[in-house]
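Undergrad: Okay, handing you the structure first.
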Amino acid sequence: MMKGWEFTYTHKPLRLVEKPDPVAKPGYVALDVKACGLCHSDVGALEDEKWLALMKYPLIIGHEYAGVITEVGEGVTGYNVGDRVGVCPMPTKDGYGGGYGRDGGYATKSTAPAEMLVPVPDNVSFTYAAAATDAGMTSHHAVAVAGGAGPGINMGIIGIGGLGQIGTRVAVLKGANVYAASRNPAAREEAMKLGCKAAYPSISEVAEHHDLDVIVDFAGAGKTTADALEAVGVNGRVVLVGMAKLETTLNTMPLITKEVTIVGSQGGNVDDIASVYKMMASGDLKPDVIEIGFDDIPAGLEKLKQGGVRGRLVAVMDR
Numbered sequence: 010m011m012k013g014w015e016f017t018y019t020h021k022p023l024r025l026v027e028k029p030d031p032v033a034k035p036g037y038v039a040l041d042v043k044a045c046g047l048c049h050s051d052v053g054a055l056e057d058e059k060w061l062a063l064m065k066y067p068l069i070i071g072h073e074y075a076g077v078i079t080e081v082g083e084g085v086t087g088y089n090v091g092d093r094v095g096v097c098p099m100p101t102k103d104g105y106g107g108g109y110g111r112d113g114g115y116a117t118k119s120t121a122p123a124e125m126l127v128p129v130p131d132n133v134s135f136t137y138a139a140a141a142t143d144a145g146m147t148s149h150h151a152v153a154v155a156g157g158a159g160p161g162i163n164m165g166i167i168g169i170g171g172l173g174q175i176g177t178r179v180a181v182l183k184g185a186n187v188y189a190a191s192r193n194p195a196a197r198e199e200a201m202k203l204g205c206k207a208a209y210p211s212i213s214e215v216a217e218h219h220d221l222d223v224i225v226d227f228a229g230a231g232k233t234t235a236d237a238l239e240a241v242g243v244n245g246r247v248v249l250v251g252m253a254k255l256e257t258t259l260n261t262m263p264l265i266t267k268e269v270t271i272v273g274s275q276g277g278n279v280d281d282i283a284s285v286y287k288m289m290a291s292g293d294l295k296p297d298v299i300e301i302g303f304d305d306i307p308a309g310l311e312k313l314k315q316g317g318v319r320g321r322l323v324a325v326m327d328r
């Protein structure tokens, strides 16, 4: 029997349940979950009824997981029992992914469709592998795909948290000139260690000293997005990732006169995860992670809710 933390409804605590071990239906694999990252969207599901529209419930939540394949379903090729894999959490042909449309990763065992699997290099830990499936994927897609990070690009990063720290490092590795904005002095210090050219308390202060082609807003706190619009250069681009606030007011004059493009970036794909794994395997990307045990998942989500967690919380199932 597997164990997992089950979501029943908004404003109700997760409950620890036991279920029969999952089986691999055609096109899927079953796996032993080794690690699962804790995400702010799981806090959102527990606190905000809007998330219910995305979920089948009751179900075991947790969408940022990696593990070892224990069973291969009919029609699956290229994967075998014993393979180390991460699971892309994005929607599939069957609907929403693990932790939303089917039981996810806050469990000792789970399942995944073959097309959402990403092989984990031998020298990448399951802790890192799990964090890469959402935090890594989302950050990479935002800066490298939506933001176009590369040599000669001046990129501002707002927020150096669980996603921002990874996005910052990815942008640096892609060759961009990266400038960080964070109210937290410790986060600014961390940004410099990640390879930023400079770090300031606000994106407005960044723009006073540097011309910015692209700004990626990992905070999404309303004012941060409005300030990014003001701070980015002519024909610039603002990439919005964070959802700290779901509404903001923008000044249309700089939007029009500078011909700024504002785009949203949600998640990514298996290619983003594979790229992050490659950076991790080389040792170039070492995100700040905090390991907790399976039994600590509800308390860990509460810590996320309260704020102040630096890096990414990751539950290690055999800890």
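The sequence shown runs contiguously to residue 328 in the numbering used here.
Built from N, CA and C at the ideal position, the CB exists for glycine as well.
Computed from a prediction, not measured in an experiment: that's the story for all the values here.
1) Pick helix, strand or coil for ARG321, following the three-state DSSP scheme.
2) Does the pairing of the segment 146-158 with the segment 243-261 give three or more beta-carbon distances under 8 Å?
3) Which of the three DSSP states is assigned to ASP161 in this structure?
4) Between the C-alpha atoms of PRO128 and PHE135, what's the straight-line distance to the nearest angstrom?
5) Which same chain residues, not among the five before or five after LEU172, have their C-beta less than 7 Å away from its C-beta?
6) May I ask you to report which of helix, strand or coil DSSP gives SER119?
7) Got a sec, what are the start and stop residues for the beta strand (DSSP E) ASP281 sits in?
8) Taking the alpha carbon of GLN315 as the point to measure from, which residue in VAL32, GLU56, ALA196 has its own alpha carbon closest?
9) May I ask you to report which of helix, strand or coil DSSP gives GLY256?
10) What is the DSSP secondary structure of PRO307, reduced to helix, strand or coil?
11) Flag this pair as yes or no: are the beta carbons of ALA151 and GLY46 separated by less than 8 Å?
12) Quick check for students: name the residue ranges of the beta strand (DSSP E) that lie wholly in the segment 78-140, counting only runs of 3 or more.
13) Between the Cα of ASP280 and those of VAL38, VAL96, VAL52, LEU63, spot the shortest distance and give me the residue it belongs to.
14) State the DSSP-derived secondary structure class of ASP41, mapped to helix, strand or coil.
15) Between which two residues does the beta strand (DSSP E) containing LYS12 stretch?
16) Contact defined as beta carbons within less than 8 Å: I believe TYR115 pairs with ALA324. What is the distance between those atoms, to the nearest angstrom?
17) Whose C-beta lies closer than 8 Å to the C-beta of ALA290 among residues of the same chain, with five residues either side of it excluded?
18) Would you mind stating whether ALA189 and ALA158 have Cβ atoms separated by less than 8 Å?
19) Would you say ILE301 and TRP14 are within 8 Å of each other, going by their C-beta atoms?
20) Let me know the secondary structure DSSP gives ALA208 once reduced to three states.
21) Using DSSP's beta-bridge definition, name the partner residues of GLY4.
22) So, are the CB atoms of PRO296 and ARG319 less than 8 Å apart?
23) Comparing C-alpha positions only, which one of GLU83, VAL38, THR257 sits nearest to GLY91?
24) Give the straight-line distance between the Cα atoms of ALA237 and ASP41, rounded to the nearest whole angstrom.
25) Since ALA358 and VAL272 should fall inside the 8 Å C-beta cutoff, what is the C-beta to C-beta distance between them, to a whole number of angstroms?
TA: Taking the coordinates as given:
1) strand
2) yes
3) Reading off the sequence, residue 161 comes out as Gly, not Asp. Coil at GLY161, not helix or strand.
4) 11 Å
5) Around LEU172, the same chain offers ALA144, THR147, SER148, PHE227, VAL250 as residues with beta carbons nearer than 7 Å, after the five sequence neighbours per side are excluded.
6) Three-state DSSP puts SER119 in a strand.
7) No beta strand (DSSP E) holds ASP281; the alpha helix (DSSP H) holding it covers 279-291.
8) GLU56
9) First, the residue type needs correcting, since residue 256 is Glu and not Gly in the sequence shown. In the three-state reduction of the DSSP assignment, GLU256 falls in the coil class, being assigned neither a helical nor a strand state.
10) It is helical.
11) no
12) At a cut-off of 3 residues, the continuous stretches assigned as beta strand (DSSP E) that sit fully inside the segment 78-140 are 93-96, 118-122, 126-128.
13) By alpha-carbon distance to ASP280, the top candidate from VAL38, VAL96, VAL52, LEU63 is VAL96.
14) In the structure shown, ASP41 sits in a strand (DSSP, three-state: E or B).
15) Its beta strand (DSSP E) spans residues 11-16.
16) Confirmed, about 7 Å.
17) PRO130, ASN132, VAL133
18) no
19) no
20) strand
21) No answer is possible for residue 4: it lies beyond the span of the chain, which begins at 10 and ends at 328.
22) no
23) VAL38
24) Answer to the nearest angstrom: the Cα atoms are 43 Å apart.
25) Here the chain covers residues 10 to 328 and nothing more, so residue 358 does not appear.
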